[in-house]
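Novice: The opening residue of the sequence shown carries number 1 in the UniProt record's numbering; numbering runs sequentially from there.
I'd like to ask some things about the structure below.
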Amino acid sequence: MSRRYFGTDGIRGTVGEFPITPDFMLKLGWAAGRVFARHGRGKVLIGKDTRISGYMFESALESGLSAAGVDVSLLGPMPTPGIAYLTRTFRADAGIVISASHNAYPDNGIKFFSAAGTKLDDALEAEIEAELDRDIVIVGPDSLGKASRIQDAAGRYIEFCKSTLPGRLGLHGMKVVLDCAHGATYHIAPNVFRELGAKVSVIGGEPDGLNINQGVGSTHPQALRAAVIEQGADLGVAFDGDGDRLILVDADGRVIDGDDILYMIARDRHERGVLGGGVVGTLMSNFGLAVALEGLGIPFERAKVGDRYVIERLEANGWQLGGESSGHIVCSHIQSTGDGIVSALQVLAIMAREECSLSELLVGFEKAPQALINVRLAPGCDNKALMAADAVQAAVVEVEQTLGNEGRVLLRPSGTEPLIRVMVEGRPHFDVDALAGQIAATVESSMSA
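Put into structure tokens, the structure is as follows:
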């Protein structure tokens, strides 16, 4: 499908710039409502993160959906996976998330969930895009959609998260620092961990509409590292703005990323005989992860970058565990999408069951050094043409020849931001930072050529 609006993770951009405008969101609500009404009863849930523009887009989407004759239930600030869960449990036709995930507050976006709490399939997205080409036709006054607010949405999701901690395990005796990124987990995660018995302190838990992801959260782990060390905590957990990804920090301040988390969960489930197949990573997953899993006899497969592609491969293989090094972890036997709180609880359950520290769970797991450089595109720059430029391709080939079969190069466009991502990884004797910088410099110079 040729997409005009939908990217790999919904529709995203800068607030006030098309299509992230109130008038487009009103029409998007109407177009989506028309499609959902054709395929179901016409009931949609809307949730959002904490950025200030969410109020504006919530109202616009609500108006459009109502004009299409669709009932709307408002959830307020809610983690993305919480919206997926509530969409399923309320038997809604779809869920809508207003969020730009780990981006700063000037950005916002829209993601859709199906009735099953999964990403919309391409056919439904195509139908919505086709409706956007039509003029709005409002249903009759007696058929307009009604709007209501689900008052206990947060409590329902908190109870679900707690229920995913296996058996009678608790977190008593654990001291945990939570970094909520001033985002959608701020009123959820602290309650989950406290009610399970952990001693909790919180940073990034005071959203004001403008500070989401600002110097905190999974993309800025420095604040969490400092807090864990200062407070002598057992570990730290950092979420991103919409709560679908996480990173961890051990007691010594070491950052534990998505590859580490996948390894810990996979090893534990494999040893207990409940893994249910293999593990899906992405093109960005460290090849040390692949080596470690294969050493345990666990099949490993790479998908394209993006949690929707990880989920597609899991479904195709009949597997249950996958994720990205950025911290999107999918435990499909528990949740239909990446869930930062649920994934953190799976790791803490292993710590409680084995009575060991976070760092001890990673003994013997060695990752290859990896360097990632994001090159921001100039306005109007064609990322495909830039990556195909002779000078850029020559730079990639040169580094690949240097690495031989002891490393790899990945050059790809971001699916959510105007960036080209340059990744180089290799054995410890290579200076991967210098090699990645060599390619990135060529990409930058080719933009102005």
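For every residue, glycine included, the Cβ atom is placed at its ideal position computed from N, Cα and C.
What are the residues that DSSP puts in a beta bridge with ASN108?
Specialist: DSSP output for ASN108 lists GLY13 as bridge partner(s).
Novice: Any chance you could list the beta strand (DSSP E) runs of at least 3 consecutive residues sitting entirely within the stretch 310 to 363, in chain order?
Specialist: For the stretch 310 to 363, whole beta strand (DSSP E) runs of length 3 or above, ordered along the chain, are 321 to 323, 329 to 331.
Novice: Classify TYR55 as buried or exposed, calling it buried when 16 or more other Cβ atoms lie within 10 Å of its own Cβ.
Specialist: With fewer than 16 other Cβ atoms within 10 Å, it is exposed.
Novice: Using only CA atoms, which one of LEU403, LEU386, LEU26 lies nearest to ALA440?
Specialist: Taking only the C-alpha atoms, the option nearest ALA440 is LEU386.
Novice: Just the Cα atoms here: how many angstroms apart are THR442 and GLU406?
Specialist: About 23 Å.
Novice: For ILE52 versus LEU210, is the C-beta spacing smaller than 9 Å?
Specialist: For ILE52 and LEU210, yes; Cβs fall inside 9 Å.
Novice: Roughly how many angstroms lie between the CA atoms of ARG149 and GLY109, to the nearest whole one?
Specialist: When rounded, the distance between both Cα atoms is 21 Å.
Novice: Are the beta-carbon atoms of PRO77 and TYR186 separated by less than 9 Å?
Specialist: For PRO77 and TYR186, yes; Cβs fall inside 9 Å.
Novice: Relative to the alpha-carbon of PRO141, which residue among ASP259, SER66, LEU75 has its alpha-carbon at the smallest distance?
Specialist: Per the Cα distances, SER66.
Novice: Which same chain residues, not among the five before or five after VAL192, have their C-beta less than 8 Å away from its C-beta?
Specialist: Here the set comprises ILE158, CYS161, LYS162, ILE341, LEU345.
Novice: Do GLY288 and LYS367 have their CB atoms nearer than 9 Å?
Specialist: The answer is yes: Cβ separation under 9 Å.
Novice: I need the DSSP call for THR416, collapsed to helix, strand or coil.
Specialist: Coil at THR416, not helix or strand.
Novice: Give the straight-line distance between the Cα atoms of SER114 and VAL70, rounded to the nearest whole angstrom.
Specialist: So the two alpha carbons sit approximately 15 Å from each other.
Novice: What number of angstroms, rounded off, separates the C-alpha of VAL274 from the C-alpha of ARG267?
Specialist: Their backbone Cα atoms lie some 10 Å apart in a straight line.
Novice: May I have a chain-ordered list of the alpha helix (DSSP H) segments no shorter than 4 residues that lie completely inside the stretch 132 to 173?
Specialist: You should have 153 to 163.
Novice: Does DSSP put ARG194 in a helix, a strand or coil?
Specialist: Of the three classes helix, strand and coil, the one that applies to ARG194 here is helix, per DSSP.
Novice: Using DSSP with H/G/I as helix, E/B as strand and the rest coil, what is ASP179?
Specialist: Here ASP179 sits in strand by DSSP.
Novice: Find the nearest neighbour of LEU171 within the set ILE311, GLU425, GLU355, judged by alpha-carbon distance.
Specialist: Looking at the Cα atoms, GLU355 is the closest of the given residues.
Novice: So LEU262 packs on LEU358, CB below 8 Å; how close in whole Å?
Specialist: Not confirmed; about 14 Å, so no contact.
Novice: In three-state terms, what does DSSP make of SER218?
Specialist: Note: SER218 maps to coil in three-state DSSP.
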